[in-house]
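K.L.:
Residue numbers (the numbering used here): 278 to 1057. Before I ask anything, let me first share the structure, which is written out below as structure tokens.
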Amino acid sequence: MIRGQQDTQVDHDTETSVDPVCGMNVEPSQAAGSAVHRDTTFHFCSQHCLEHFRMDPSAYTQSDASPDVQTSAAPGMEWTCPMHPEIIRDAPGSCPICGMALEPRTATLDEDNPELRDMSRRFWISLALSVPILALMVSEMLPGQPLQSLASSTALIWLQFALATPVVVWGGWPLFERGIQSIVNRHLNMFTLIALGTGAAFAFSVAAAIAPGWFPQAFRDPHTGALPVYFEPAAIIVTLVLLGQVLELRARSQTSRAIRALLGLAPDVARRINADGSEEDVRIEHVQPGDRLRIRPGEKVPVDGVVEEGASAVDESMLTGEPLPVEKTPGSVVTGGTVNGTGSLVMKAERVGSETLLAQIVRLVSEAQRSRAPVQRLADTVSAWFVPAVILVAVLTAIVWGLGGPEPRLAHALVNAVAVLIIACPCALGLATPMSIMVGTGRGAQAGVLIKNAEALEVLERIDAIVVDKTGTLTEGKPVLVSVEPMGSFSEAEVLRVAGSLEQASEHPLAAAIVAGAIERNAALAGVEDFQSVTGKGVTAVMDGQSIAIGNQTLLDDLGADGSAAAERAETIRRDGQTAVFVAIDGKLAGVLGIADPIKETSREAIEHLHEDGVSVIMLTGDNRTTAESVASKLGIDRVEAEVLPDEKAAIVKRLQSEGRRVAMAGDGINDAPALAQADVGIAMGTGTDVAMESAGITLVKGDLRGIARARRLSRATMRNIRQNLAFAFGYNALGVPVAAGVLYPWFGILLSPMIASAAMTFSSVSVITNALRLRNIRL
């Protein structure tokens, strides 16, 4: 990989380039400086990085992939750090900030992990060499101390040297490499501490073995005069750290299990019906929009589309979390990855490849897992000061023990300083939030709740008001024409013909209901001219030389048409929960249409759940207040904002926020997008428009408001898990570092062995990941 050339990454929202020194993503317009090398412009996050680059540009434009980890990356594949998602590479390696192994940015079905294979190999070989060293150390505790006479011999020291050197130098090479990179990049991390601790112990031991005469009496045992060596702890610490890396890499791979499970739902083959009626099996990537596909009993639906023939029940639980199959008949929408029941279906493909709902879900979940929750800022702030503070504590520990500790003072100073460096684990602190986010968003995807970013997941827990759009959210979003009331001398057929003809040119949901109702009643529709849409009011056009209009009372007033004659009838329609639409011909009221949008069966249950959670529900709608209040009374909604124009929705959300409310907005249409973006959390219906889903932080796949209750349960469980992880990481370090420094020694004579410190450090990281993995089992 050539840094700064192949490694430059576009951030999809803002074009960025990668600082070749530290690896941070930098917006060119906000860079601290830039430099040109070999016709390539590099941008830098700080003057420090720029100065380092200018001193030796070639050092930062060469491959930085570990030579021990070879892989054939797929073209276009990218790797990122779970703790620092701004780090993006086009080949595997380690994070220049925290030193953690990078992982694929987008999950694949391939579970092969070259980093895990490399670390496992190093661990098992290091373990085989460390066991004899450990046996020698344990033998000193056996009755009679059978190797006591050998303990101080030169032969034993050289035997330990021979066994420990491959472990520390070869087995620990990736650890030292990352430690050195952390110092060069000025991003001190866990590997800085490990490299300093084990490096100091091993270097001291090598010097003691080669030239023992160099060391003063303060390093020697006051009784035997022997000079201690620390090959055992150096080798065993490296082995334990490698074990921790193996366990961590295995646990991290499990966090993307939910995405791999979703990817595995997509079938590899589809059965295509050709134009001549013959059928053939084709690879899924060869399916094109418009293809007719046969889905046999028990098969998976290959892509998104519409049923043309047949009837069956389809299991959609993998998308919605609902166990009951959904009946599908001609005209029904089917989703790729769902499972057909006992019937046979013929479908028309509409969305294939990356356009399918399943592919979009995988993309959304992958992006959410790389996002950072606001609570992560605390861990980031602490981590920035943590490693320098630990190094300072280690230096002070060495000074205190060297000046006032028991003999051999300098040996005790070295051992306790190493223990401080080894036990401190900023990795556990850094992993506390991202691991929980990764597992939580994956679990949400399995239940039909798609989290777009971690911030939405965190804020949702604290929501106390939710603003809900009526059409398509509380209702089915599929209105039907219920009644036609002609006025004056106009006939029902004439009103239907005019209304259906005009609404053919409109894309409003009510327009589709009017057109369908007119066709159903055998109205003879015609073309129109000069079609105009008046936002929030209705539409106008010219037909057969007549000016025609359909809309609300405001539109009638603007046209000067007198609607008083229909006022009572319109009010009756509204009290029945229907929307009253006025039809005018040549400035005269011609009739009133009653359009009903059935309330979703699940809406009342969902609102009851929200009330139990202490959340107020506010309904927004452009409908007349009477119609809106009729729907609200049936559902038990707390507050109604009726006759709202599309551009007023965001202002209402802002007003609620100014009252001190934490507001979520649930909607499904293009006109809901500004309000979804304004809300503290936007919740889009998966049955709605793409614009709404892009504007929202959370998407409910099925468009069922009960998903909000699921999302809140997920939010609470995830945030509780994060707090547990942070408490454990903070508490562990607050307790472990002082004990390693020897604060208990004056009273209890307790000192912490560096080997025990290494085991504790490994346990801290693994325990944080293990706790995060519990989120896979929460009930939503």
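Beta carbons are placed, not taken as given, at the ideal position from N, Cα and C, and that holds for glycine.
Between the stretch 465-477 and the stretch 694-701, do three or more beta carbon pairs fall short of 8 Å?
P.N.:
The stretch 465-477 vs the stretch 694-701: in contact.
K.L.:
How about G840 and L866: do their beta carbons lie closer than 7 Å?
P.N.:
Result yes, Cβ atoms of G840 and L866 sit closer than 7 Å.
K.L.:
From the DSSP output, which residues share a beta bridge with K625?
P.N.:
BP columns for K625 point to R569, V583.
K.L.:
Report the rounded CA-to-CA distance for V670 versus S631, giving the unit in angstroms.
P.N.:
Approximately 52 Å between the Cα atoms of the pair.
K.L.:
Following the continuous beta strand (DSSP E) through S810, name the residue where it begins and the one where it ends.
P.N.:
From DSSP, the beta strand (DSSP E) with S810 extends over 806-811.
K.L.:
What does a CB cutoff of less than 6 Å around Q522 pick up in its chain, not counting 5 residues either side in sequence?
P.N.:
Counting only Cβ-Cβ distances below 6 Å, and skipping sequence neighbours, we find M396.
K.L.:
At what residues does the alpha helix (DSSP H) containing R989 begin and finish?
P.N.:
Unbroken alpha helix (DSSP H) run through R989: 983-1018.
K.L.:
What are the residues that DSSP puts in a beta bridge with M962?
P.N.:
The partner list for M962 (beta bridge, DSSP) reads L977.
K.L.:
Confirm, please, whether the CB-CB distance from H320 to V303 is below 7 Å.
P.N.:
Contact: yes.
K.L.:
Please look up how many angstroms separate the CB atoms of A905 and K747, rounded, as I've assumed it's under 8 Å.
P.N.:
The pair is a contact, with the Cβ atoms about 7 Å apart (cut-off 8 Å).
K.L.:
Which parts of the stretch 872-915 are runs of the beta strand (DSSP E), unbroken and 3 residues or longer, counting only runs that do not cross its ends?
P.N.:
The qualifying runs are 893-897.
K.L.:
For the candidate residues S311, T317, G868, whose alpha-carbon lies nearest to that of C326?
P.N.:
Answer by Cα proximity: S311.
K.L.:
Check the DSSP bridge columns for K605 and list the partner residues they point to.
P.N.:
According to DSSP, K605 bridges with S589.
K.L.:
Once DSSP output is grouped into helix, strand and coil, what is the label at L1050?
P.N.:
Helix, per DSSP.
K.L.:
Going by the beta-carbon positions, is the gap between T264 and G959 smaller than 7 Å?
P.N.:
Nothing can be reported for residue 264: it is not among the residues displayed for the chain, which extend from 278 to 1057.
K.L.:
What is the rounded straight-line gap between the Cα of R527 and the Cα of V616?
P.N.:
Each residue's alpha carbon lies about 31 Å from the other.
K.L.:
Applying the criterion that 16 or more other CB atoms from any shown protein chain within 10 Å of the CB defines a buried residue, is V672 buried or exposed?
P.N.:
Label assigned to V672: exposed.
K.L.:
Which residues does DSSP pair with H320 in a beta bridge?
P.N.:
Answer is S311.
K.L.:
Is the beta carbon of A943 less than 7 Å from the beta carbon of V745?
P.N.:
For A943 and V745, yes; Cβs fall inside 7 Å.
K.L.:
Of all the options S1044, V761, V775, V917, which has the alpha carbon lying nearest to the alpha carbon of T849?
P.N.:
Nearest C-alpha to T849: V761.
K.L.:
Measure the C-alpha to C-alpha separation of A928 and A952 and round it to an integer number of angstroms.
P.N.:
Whole-angstrom Cα-Cα distance: 8 Å.
K.L.:
Smallest Cα separation from N1010: which of I827, L933, A666?
P.N.:
Ranking the options by Cα distance to N1010, first place goes to A666.
K.L.:
With H, G and I counted as helix, E and B as strand and the rest as coil, what does DSSP make of K926?
P.N.:
Correct three-state label for K926: helix.
K.L.:
Would you kindly work out how many angstroms separate the C-alpha atoms of H886 and D367, rounded to a whole number?
P.N.:
If I take the Cα positions, the gap works out to 46 Å.
K.L.:
Could you tell me the distance, in whole angstroms, from the CA atom of R851 to the CA atom of K814?
P.N.:
Near 17 Å, if we compare the C-alpha coordinates of K814 and R851.
K.L.:
What are the start and end residues of each continuous beta strand (DSSP E) run of 3 or more residues lying completely inside the stretch 741-824, in chain order?
P.N.:
As far as the stretch 741-824 is concerned, its whole beta strand (DSSP E) runs of at least 3 residues are 742-746, 757-763, 806-811, 815-820.
K.L.:
May I ask you to report which of helix, strand or coil DSSP gives D395?
P.N.:
Looking at D395 - three-state DSSP - the assignment turns out to be helix.
K.L.:
So the beta strand (DSSP E) I728 belongs to, where does it begin and stop?
P.N.:
Its beta strand (DSSP E) spans residues 726-728.
K.L.:
Considering only residues of the same chain and omitting the five flanking positions on each side of M896, which have a CB-CB separation below 6 Å?
P.N.:
The residues are V745, K747, A909, I914, V917.
K.L.:
Quick one, which of I374, P369, C375 has its alpha-carbon nearest P381's?
P.N.:
Cα-wise, what sits closest to P381 is P369.
K.L.:
What does DSSP give as the partner residues of I1027 in its beta bridges?
P.N.:
Its beta-bridge partners do not exist; DSSP assigns none.
K.L.:
Which value, in whole angstroms, describes the spacing of the CA atoms of L982 and T750?
P.N.:
Answer to the nearest angstrom: the Cα atoms are 7 Å apart.
K.L.:
Can you tell me the Cα-Cα spacing of V940 and A956, whole angstroms?
P.N.:
Each residue's Cα considered, the two are about 6 Å apart.
K.L.:
Who are the near neighbours of E753 in its chain, counting only those whose CB is closer than 8 Å to its CB and skipping five residues on each side?
P.N.:
Counting only Cβ-Cβ distances below 8 Å, and skipping sequence neighbours, we find D874, P875, I876, K877.
K.L.:
Using a 10 Å radius around the Cβ and a threshold of 16 neighbouring Cβ atoms, would you call S340 buried or exposed?
P.N.:
With a pLDDT of only 38 at S340, under the threshold of 50, the placement of this residue in the model should not be trusted, and no figure is reported.
K.L.:
Nearest-angstrom Cα distance between A1006 and L634?
P.N.:
Cα to Cα, A1006 sits roughly 38 Å from L634.
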